[in-house]
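A.B. asks: Using UniProt numbering, the first residue of the sequence shown is number 1, and each one after it goes up by one.
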Amino acid sequence: MDGASWLNLILVAGTILWGIELVLLWRGAVQAGDDPIARVSGAAIFYVLALPVAAFAPDVVERLADFWERVASLGGASGRDSATPRLVIGGKTFPLTSEQVRIGRFGNNDLVIDHPTVSAYHAEISLRPDGRHELTDRESRNGTRINGTPIRSAVLRDGDLITIGAVSLHYLIRPPAEGSLGSIPQPSRNRLG
């Protein structure tokens with residue numbers, strides 16, 4: 001075998017290894033309740049070192065993911081800055097304008113859901129420093145799910161279906177299209193149920 005053949009063999013093997021690492025990073029992020037796109041996009045640049053860098057320098061991976069997200073938003077691929085993130089529940093819209101939104105059955109929550117399967121202080125949505133929202137279950141009795149998967153804490157993505165006890169809500173970021181679920185007028189009160 002000549003030098004060019006060896007180089008091709010090494011590049012093919014490296015690319016296969018890199019693909020396997022990216023799949024493992026994706027699965028690990030999903031299992032941990034993290035954003036898999038952010039983890040993979042932040043680590044992919046390191047080629048065959050993607051997995052070790054993600055394991056030993058997660059802050060570097062997160063900074064690169066934030067960089068790629070900013071680059072994508074410059075091209076108009078992200079609608080985060082053009083609409084207020086919101087929850088849609090039972091035909092009503094609740095905009096997420098605070099850094100922290102407490103959700104539960106008791107009246108002193110920011111979003112009150114009067115349903116017997118919802119705990120008194122069921123869950124909380126927090127604004128992260130990177131501008132994304134994170135949903136955290138507050139040790140509720142009936143649990144919190146995102147798209148059917150039970151979570152303790154997870155970063156929300158546009159279109160996620162959140163289930164609090166037996167009550168479903170949608171998390172939306174994109175600007176509402178006319179006549180869509182997200183364009184329903186905002187309720188005058190934050191009490192639902």
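A virtual CB, placed ideally from N, CA and C, is assigned to each residue, including glycine.
Rounding to the nearest angstrom, what Cα-Cα distance links W6 and P85 in this structure?
C.D. replies: One-based indexing of the sequence shown puts residue 6 at position 6. One-based indexing of the sequence shown puts residue 85 at position 85. So the alpha carbons of these two residues sit roughly 52 Å apart.
A.B. asks: What whole-angstrom Cβ distance do E134 and S119 have, given they're in contact under 8 Å?
C.D. replies: For the purposes of this step, residue 134 is taken as residue 134 along the sequence shown, with counting starting at 1. For the purposes of this step, residue 119 is taken as residue 119 along the sequence shown, with counting starting at 1. Their Cβ separation, rounded to whole angstroms, is 18 Å, which puts E134 and S119 out of contact at 8 Å.
A.B. asks: State the beta-bridge partners of T136 as determined by DSSP.
C.D. replies: Here the question's residue 136 lines up with position 136 in the sequence shown. The partner list for T136 (beta bridge, DSSP) reads E124 and S153.
A.B. asks: Taking 7 Å as the limit between beta carbons, can you name the residues of its chain near L169, skipping five residues before and five after?
C.D. replies: Residue mapping note: residue 169 aligns to position 169 of the sequence shown, counting from 1. Here the set comprises L87, V88, I89 and I162.
A.B. asks: By Cβ distance below 8 Å, which residues in the same chain neighbour L17 in space, the five residues on each side in sequence not counted?
C.D. replies: As a working note, residue 17 is residue 17 in the sequence shown. V48, listed in sequence order.
A.B. asks: Please report how far the alpha carbon of D59 lies from the alpha carbon of G14, in whole angstroms.
C.D. replies: The sequence position of residue 59 within the sequence shown is 59, counting from 1. The sequence position of residue 14 within the sequence shown is 14, counting from 1. Near 24 Å, if we compare the C-alpha coordinates of G14 and D59.
A.B. asks: Going straight from the alpha carbon of E139 to that of L51, what length do you get?
C.D. replies: Counting from 1 along the sequence shown, the entry for residue 139 is found at position 139. Counting from 1 along the sequence shown, the entry for residue 51 is found at position 51. Between E139 and L51, the C-alpha separation is close to 32 Å.
A.B. asks: Restricting to runs no shorter than 4 residues, where is the alpha helix (DSSP H) found entirely within the stretch 2-86?
C.D. replies: 3-32, 36-43, 50-56 and 58-74
A.B. asks: First and last residue of the beta strand (DSSP E) that includes R105?
C.D. replies: Taking the sequence shown and counting its residues from 1, one reaches residue 105 at position 105. From DSSP, R105 is part of no beta strand (DSSP E); its letter is neither H nor E.
A.B. asks: Just to confirm before moving on: does the CB-CB distance between L64 and V40 stay below 8 Å?
C.D. replies: Taking the sequence shown and counting its residues from 1, one reaches residue 64 at position 64. Taking the sequence shown and counting its residues from 1, one reaches residue 40 at position 40. In this structure, V40 does not lie closer than 8 Å to L64 by Cβ.
A.B. asks: Note down the Cα distance separating V112 from V53, rounded to an integer number of angstroms.
C.D. replies: By 1-based counting over the sequence shown, the position of residue 112 is 112. By 1-based counting over the sequence shown, the position of residue 53 is 53. Those two C-alpha atoms are separated by around 42 Å.
A.B. asks: Go through its chain and collect everything with a Cβ distance to N147's Cβ below 7 Å, but skip five positions before and after it.
C.D. replies: Mapped onto the sequence shown, residue 147 falls at position 147. Taken in chain order, the residues that qualify are D160 and L161.
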